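A.B. asks: Pasting in a structure now, in structure tokens, and then I'll have a few things to ask.
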Amino acid sequence: MNADLQREDEEIRKEFPILTPDEAYLDNSATVQKPQCVLEAMEKYYREMNANPLRGLYGLSVKATDAYESAREAVRSFINADSTEEIIFTRNATESLNLIGYAWTADHLKPGDEILISIMEHHSNLIPWQQAAARTGAVLKYVECDKSGSISEEAFRAALTPKTRLVCMTEVSNVLGCKNPIRQFAAIAHKNGAVFVCDGAQSVPHMPVDVKDLGVDFLAFSGHKMYGPMGIGVLYGKKEILEDMNPFLFGGEMIEYVTRDSATWNELPHKFEAGTVNAGGAVGLHAAIDYMQRIGWDTIIRREDHLTQYCMEQMQELPYIHILGSDRWENHHGIITFLIDGVHPHDVATILDSMHVDVRAGHHCAQPLLKFMGAMSTTRASISFYNTEQDIDHFIDALKKVRPEMGITE
Ligand code: C6P
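With numbering that gives the first Met the number 0, the residue at position 141 of the sequence shown is 140, and numbering never jumps.
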């Protein structure tokens, strides 16, 4: 192996206390491990500045507020939003999507209106729209992809109608790893008079995502998939759209003035952040963003591309392995979902676990997609820039032992 790459591996790996050479952690699309600097930033927050933010007038509360609001500014800058008023902290991408699913749809959809989603959506970008359709009388429609995961412009245009009010689509599929042309589809949706929601859960951690360049109205993502802690997520929304929405949750801090019978709402973004916020989580997310910027997109993308190619090309040499989606590694963005002839995906994952390889098996919270692809369940390996060629070698060696372990020898 190239000495520079080995040095780079060592530099990166030493920041992640949980990663060891004996275990190949390849479930990075589910959640990634956390670097030391994120753990330290959160500990420092709780040791030195914890108080209930946005309320107190005393020093500690002001420090907690400053830490929380500076995390918001870090997120704003990371996705190039115009203003921190457009950045709402939530628990995760799921809550971000539900926020729109309640608060926007309640006043903007009427019976017969259409919501368009793709067949490859994660349940978090599917069930909120099923529920919104049931509440409002709107109709949920799907645009399909081909077996490689590609959605053509033709198919997208054909699925839009004059009744389409909302289009919701993931940028990167958590099963196929393919990347949808969000900028192009958002522009078409806007010409059609629809609002465009982008699920960035699997793209924001792996590639630059610029909300102005993409032209999306909403972007949802989770902190825990981008080296931050669990329990903090983000909803970006265009200011004029957020201003035209009622709150999702009601209670402390989201109000301006309350009487016995009524209330008025706080300004953005606080109108959408009811109750005590997750300041420690926001601080951790801020540290994670700083960390990713320190590593840099060039390094993140170079390493993830290299490992995806290195892994996929070796898997493609094994005739009993079938990879879902495109046969080109460039279209996988670190996500390789596969089937092994003769072995149930759960057995694959269990056998790999016995050899210290961590992968995910099941429907990956995308059951309509799996049905469309003709599979009930699959196994998925997913890569982060902190993985190494040794992790992939470990995985491939273990993969070759799965069928013999099940008594399949031919
Ligand atoms: N996918 C996976 O293993 P949360 O759970 O809210 O942080 O993220 C939800 C979500 C939304 N959209 C996409 C495209 C996703 O992949 C996920 C989470 C994980 O694939 C956990 S199910």
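Cβ atoms here follow ideal geometry from the backbone N, Cα and C, with glycine treated the same way. Keep in mind the model is a prediction, meaning the values are calculated, not measured.
(1) Candidates Asn191, Glu120, Leu165 and Lys162: which alpha carbon is nearest Gln201's?
(2) Once the 5 residues before and after Lys211 are set aside, which same chain residues still bring their CB inside 6 Å of it?
(3) Does the pairing of the region 204-219 with the region 227-235 give three or more beta-carbon distances under 8 Å?
(4) Alpha carbon to alpha carbon, how far is Ile294 from Glu7?
(5) So, is Asp198 buried or exposed, given that buried needs 16 or more other C-beta atoms within 10 angstroms?
(6) If contacts are defined as beta-carbon pairs under 8 Å, then Met206 and Ile300 qualify, I think. What distance do you get, rounded to the angstrom?
(7) What is the C-beta distance between Val196 and Leu165, in whole angstroms, given that I count them as a contact (C-beta under 8 Å)?
(8) Could you give the distance in angstroms between the alpha-carbon of Arg46 and the alpha-carbon of Pro52?
(9) List the endpoints of the continuous beta strand (DSSP E) containing Ile126.
(10) CB-CB under 6 Å to His331, same chain, minus the five flanking residues each way: which ones, in chain order?
(11) What is the DSSP secondary structure of Ser76, counted as helix, strand or coil?
(12) Please state whether DSSP places Asp357 in a helix, a strand or coil.
(13) Where does Glu272 fall in DSSP's three states?
(14) Does the contact criterion of 3 or more C-beta pairs under 8 Å hold for the region 350-370 versus the region 20-31?
(15) When you compare each of His393, Val203, Lys399 and Met253 to Lys320 by their alpha carbons, which one comes out closest?
(16) Could you tell me which of Phe15, Ala193 and Ile150 sits nearest to Gly324, measuring between CA atoms?
(17) Taking only three categories from DSSP, how would you classify Val417?
(18) Considering only the alpha carbon of each residue, which of Lys190, His305 and Ile335 lies closest to Leu4?
(19) The ligand C6P and Asp198: does any heavy atom of the ligand fall closer than 7 Å to the residue's C-beta?
(20) In this structure, how does DSSP classify Ala262 when only helix, strand and coil are distinguished?
(21) Quick one: residues in its chain with C-beta nearer than 7 Å to the C-beta of Pro127, no 5 flanking neighbours on either side, listed in chain order?
(22) With burial defined as no fewer than 16 other Cβ atoms inside 10 Å of the residue's Cβ, what is the status of Gly341: buried or exposed?
(23) Whole alpha helix (DSSP H) runs in the region 106-182 with 4 or more residues, listed along the chain?
(24) May I ask whether a heavy atom of the ligand C6P can be found less than 7 Å away from the beta carbon of Gly232?
(25) Mapping DSSP to helix, strand and coil, what is Leu234?
(26) Starting from Ile391, trace the alpha helix (DSSP H) both ways and give me its first and last residue.
(27) Around the Cβ of Ser261, are there at least 16 other Cβ atoms within 10 angstroms (buried) or fewer (exposed)?
(28) Whole angstroms are fine: how far does the CA of Arg182 sit from the CA of Pro228?
(29) Under 7 Å Cβ to Cβ from Leu213, same chain only, skipping five residues before and after it: list those, please.
(30) Taking the CB atoms as reference points, tell me whether Asn277 and Phe88 lie closer together than 8 Å.
(31) Assuming Ala50 contacts Asn245 (C-beta within less than 8 Å), just tell me the rounded distance between them.
(32) For Pro161, count neighbouring Cβ atoms within 10 angstroms of its own Cβ and tell me buried if that reaches 16, exposed if not.
(33) Tell me the DSSP bridge mates of Leu338?
(34) Closer than 7 Å to a non-hydrogen atom of the ligand C6P - does that hold for the CB of Asn124?
(35) Please work out which residues of its chain come closer than 8 Å, Cβ to Cβ, to Ala73, disregarding the five sequence neighbours upstream and downstream, and give them in chain order.
C.D. replies: Looking at the coordinates:
(1) Glu120
(2) Asn79
(3) yes
(4) 11 Å
(5) buried
(6) 7 Å
(7) 7 Å
(8) 15 Å
(9) Note, Ile126: premise wrong, no beta strand (DSSP E); alpha helix (DSSP H) at Ile126 to Thr135.
(10) Gly176 and Thr307
(11) For Ser76, the three-state secondary structure derived from DSSP is helix.
(12) Residue state for Asp357 is assigned as strand, using DSSP reduced to three classes.
(13) In the three-state scheme derived from DSSP, where H, G and I count as helix and E and B as strand, Glu272 is classed as coil.
(14) Yes, the region 350-370 is in contact with the region 20-31.
(15) The sequence shown places Ile at residue 320, rather than the Lys named in the question. Comparing Cα-Cα distances from Ile320 to each of His393, Val203, Lys399 and Met253, the minimum goes to Lys399.
(16) Ile150
(17) The structure shown does not extend to residue 417, since the chain is modelled only from 0 to 409, so the question has no answer here.
(18) Closest option to Leu4, Cα to Cα, is His305.
(19) Checking every heavy atom of the ligand C6P against the Cβ of Asp198, one is found closer than 7 Å.
(20) strand
(21) Leu96, Asn97 and Gly100
(22) exposed
(23) 126-135 and 152-158
(24) yes
(25) strand
(26) Glu388 to Glu404
(27) With fewer than 16 other CB atoms across the displayed protein chains lying within 10 angstroms of its CB, Ser261 is exposed.
(28) 29 Å
(29) Residues Ile181, Arg182, Ala185 and Cys197 of the same chain have their beta carbon placed closer than 7 Å to that of Leu213, with the five preceding and five following residues left out of the count.
(30) Phe88 sits close to Asn277, with the two beta carbons spaced by under 8 Å.
(31) About 30 Å separates the two Cβ atoms, so there is no contact after all.
(32) exposed
(33) His321
(34) yes
(35) Leu284, His285, Ile288 and Asp289
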